[in-house]
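For reference, the structure discussed in these notes is given below.
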Amino acid sequence: MRFLVCLALATAGIALHPLCAAPAAPAASVNDSDTTELGGRMDEMRVSFRKLRRQVSDASANASSLELVASLRQAAEQSAALAPARAAALPESTRAAFVADFAEKMKAFIAEVDKLKAALEAGKNDEAVALVARLESLQKSGHREFRSAKRD
Ligand code: HEM
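Encoded structure:
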């Protein structure tokens, strides 16, 4: 199609029209959770949380665990300001409440992350292990409530 347009422009003596000079722009990304901004932040959380789960019981790794907690917290903060993709499929009358509920649950998640930080700072690794389990359960319930169907 672009070729035909360029041919027409060239015939009309407008060969240097930007449409002909520039390569076609990539198509806009689709709005699913693989490409959303929230999906990106969640993916960052996955990376930090995976490492954290493996090492949280090890007191000698607490300095590194605290860095992972800081990354997890930052991505969770950024997530709280975004809206789940699923919101777009909801009736307008319930959409705002759904997004507000999501923000609230993310904030509750962050409050637990802060407790985890305090436990690690105090060298209370047993407590930290329990808090990681708590975060895991908030992850599960958050995904059940706010993620699109067919995802865990
Ligand atoms: C340790 C905590 C968590 C981890 C590691 C995590 C991880 C992930 C991952 C890997 C994805 C898929 C991202 C992608 O599609 O590329 C995802 C998606 C999602 N998560 Fe989480 N998650 C966590 C906590 C939560 C919590 C607490 C909530 C809600 C309160 C939540 C809500 C969502 C939603 C709504 C999506 C879909 C993304 C979208 O709608 O665009 N997650 N999460």
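Per the numbering used here, the sequence shown starts with residue -10, numbered consecutively. Each residue gets a CB set at the ideal place from its N, CA and C atoms; glycine is no exception. Keep in mind the model is a prediction, meaning the values are calculated, not measured.
Inter-residue spacing [alpha-carbon to alpha-carbon] between residue i and residue j
| i | j | result |
| --- | --- | --- |
| Gly112 | Ala119 | 13 Å |
| Arg123 | Ala74 | 25 Å |
| Arg133 | Met95 | 14 Å |
| Gly131 | Ser68 | 12 Å |
| Glu81 | Arg136 | 18 Å |
| Val102 | Ala78 | 30 Å |
| Ala50 | Ile99 | 22 Å |
| Arg84 | Ala76 | 6 Å |
| Lys40 | Leu57 | 8 Å |
| Ala138 | Ser126 | 18 Å |
| Ser37 | Leu105 | 14 Å |
| Asp115 | Ala107 | 12 Å |
| Gly28 | Gln128 | 14 Å |
| Glu66 | Ala89 | 14 Å |
| Thr24 | Asp32 | 11 Å |
Residue i vs residue j beta-carbon contact at 8 Å
| i | j | result |
| --- | --- | --- |
| Val45 | Ser54 | yes |
| Ala64 | Met34 | yes |
CB-CB length for residue i against residue j, believed under 8 Å
| i | j | result |
| --- | --- | --- |
| Phe91 | Ala70 | Not quite, the Cβ-Cβ distance comes to about 10 Å (not below 8 Å), so this is no contact. |
| Arg42 | Val121 | 6 Å |
| Ala97 | Leu109 | About 20 Å; that fails the 8 Å criterion. |
Closer than 7 Å: residue i CB and nearest the ligand HEM heavy atom
| i | result |
| --- | --- |
| Ala59 | no |
| Asp103 | no |
| Thr83 | no |
| Gly131 | yes |
| Gln128 | yes |
| Leu124 | yes |
| Arg62 | no |
| Lys94 | yes |
| Phe98 | yes |
Contact with chain B by residue i, beta-carbon distance below 8 Å
| i | result |
| --- | --- |
| Gln63 | The structure shown has no chain B; it contains just one protein chain. |
message: Which runs of the alpha helix (DSSP H) at least 4 residues long sit entirely within the stretch 45 to 87? Give them in chain order.
response: 51 to 69
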